[in-house]
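Visitor: Numbering (the UniProt record's numbering), first residue to last: 1 to 180. Cβ coordinates follow ideal geometry from the N, Cα and C atoms, glycine included. It should be emphasised that the depicted structure is a prediction, and the values quoted were computed from it without experimental measurement. I'd like to ask some things about the structure below.
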Ligand code: HEM
Ligand code: HEM
């Protein structure tokens, strides 16, 4: 199989930790209407995503020189699509939790992280703004789900159609030894 080069272990680990946490929080978010008692958990997990996104960004710049080249030829439409999707995923990882944080503050509440500490209040109470930020947060979550669908579809297309096992490139354990 082509593309033996893979992502550094730290990039793989953060990728899958964030994937599990963010997909879990999307599901919890959509359950909130009928389960308001999940709200504090949803917010705390969201804050965790924001922190992990920061660590991830720092790490990806640190490892820039060790990243495998794209499986798509530079300048191709697929290359642009891949980079755009990755960029949008980063944007979602940062903007969705931030919008949730601001929405909570505008509703007149502080955000608590697993009852361990309270995050700073960034804006004053403002009912109209709170509704707007809530709508933006919910809309951005829907957009994230759609982009994520494209991201997974892209990986499948490469694996099934082109015999490029891109999934192995981002696997942290076991399969790493099957690549060289
Ligand atoms: C849930 C199932 C997921 C699958 C099957 C999947 C699959 C993959 C694969 C195969 C790659 C490597 C592509 C290559 O070889 O160049 C990759 C990279 C990447 N994925 Fe995912 N992914 C998933 C979830 C996510 C999520 C939830 C996010 C972010 C919200 C994400 C963001 C990224 C980014 C930004 C990269 C580029 C490497 C990096 O900057 O960390 N993925 N993904
Ligand atoms: C990656 C992290 C997050 C994801 C994926 C996410 C996703 C979601 C989803 C899918 C909903 C339901 C939207 C709907 O009903 O259509 C929701 C609602 C909500 N989320 Fe998040 N969220 C995240 C982080 C946060 C954070 C950090 C906070 C606050 C600190 C937060 C606060 C809220 C609030 C207050 C609502 C209710 C919104 C409303 O009813 O207007 N979320 N979220």
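1. With distances taken between CB atoms, is the gap from residue 71 to residue 150 smaller than 8 Å?
2. Taking the C-alpha atoms as reference points, what is the distance between residue 110 and residue 165?
3. Within 7 Å: the Cβ of residue 60 and any heavy atom of ligand 1?
4. I'd like the list of long-range same chain contacts for residue 171, defined as Cβ closer than 8 Å, with 5 residues on each side in sequence excluded.
5. When DSSP labels each residue in this structure, what does residue 117 get in the three-state scheme?
6. Answer yes or no: do residue 59 and residue 95 have a C-beta to C-beta separation smaller than 8 Å?
7. If you measure between the beta carbons of residue 103 and residue 130, is that distance less than 8 Å?
8. By DSSP, does residue 43 sit in helix, in strand, or in coil?
9. From which residue to which residue does the alpha helix (DSSP H) around residue 85 run?
10. May I have the straight-line CA-CA distance separating residue 68 from residue 39, to the nearest angstrom?
11. Quick one: measure Cβ to Cβ for residue 126 and residue 106, integer angstroms, because I've assumed they're closer than 8 Å.
12. Report buried or exposed for residue 43, applying the criterion of at least 16 other Cβ atoms within 10 angstroms of its Cβ.
13. By Cβ distance, which residues of its chain are closer than 7 Å to residue 73, with the 5 residues on each side in sequence left out?
14. Using the DSSP secondary-structure output, state which residues sit across from residue 112 in a beta bridge.
15. What do you reckon, is the C-beta of residue 249 under 7 Å from a heavy atom of ligand 1?
Guide: Here's the rundown:
1. As a working note, residue 71 is residue 71 in the chain shown. As a working note, residue 150 is residue 150 in the chain shown. Cβ distance not < 8 Å, so residue 71 and residue 150 don't count as in contact.
2. Counting from one through the chain shown, the residue named residue 110 turns up at place 110. Counting from one through the chain shown, the residue named residue 165 turns up at place 165. C-alpha separation (whole angstroms): 45 Å.
3. Within the chain shown, numbered from 1, the residue matching residue 60 stands at position 60. Flag set: Cβ of residue 60 near ligand 1.
4. Residue mapping note: residue 171 aligns to position 171 of the chain shown, counting from 1. Hits under 8 Å: 6 and 12.
5. Within the chain shown, numbered from 1, the residue matching residue 117 stands at position 117. The three-state secondary structure of residue 117, taken from DSSP, is strand.
6. Along the chain shown, read from residue 1 onward, the residue named residue 59 stands at position 59. Along the chain shown, read from residue 1 onward, the residue named residue 95 stands at position 95. No; because the gap between Cβ atoms is not below 8 Å, this pair is not in contact.
7. Residue numbering aside, residue 103 sits at position 103 when the chain shown is read from its first letter. Residue numbering aside, residue 130 sits at position 130 when the chain shown is read from its first letter. Taking the C-beta atoms as reference points, residue 130 is found nearer than 8 Å to residue 103.
8. For the purposes of this step, residue 43 is identified with residue 43 of the chain shown, where counting begins at 1. Here residue 43 sits in helix by DSSP.
9. In the chain shown, counting from the first residue as 1, residue 85 sits at position 85. Its alpha helix (DSSP H) spans residues 77-106.
10. Here residue 68 refers to the residue found at position 68 of the chain shown. Here residue 39 refers to the residue found at position 39 of the chain shown. Going from the Cα of residue 68 to the Cα of residue 39 covers about 39 Å.
11. Sequence index remark: in the chain shown, residue 126 carries index 126 (1-based). Sequence index remark: in the chain shown, residue 106 carries index 106 (1-based). 5 Å between Cβ atoms; contact.
12. As a position in the chain shown, residue 43 is number 43, starting the count at 1. The residue in question, residue 43, is buried, as its Cβ has 16 or more Cβ neighbours within 10 Å.
13. Your numbering for residue 73 matches position 73 in the chain shown. Hits under 7 Å: 79.
14. On the chain shown, residue 112 is found 112 positions in, with the first residue counted as 1. Residue 112 pairs with 118.
15. The chain is shown from 1 up to 180; residue 249 falls before or after that span and cannot be answered.
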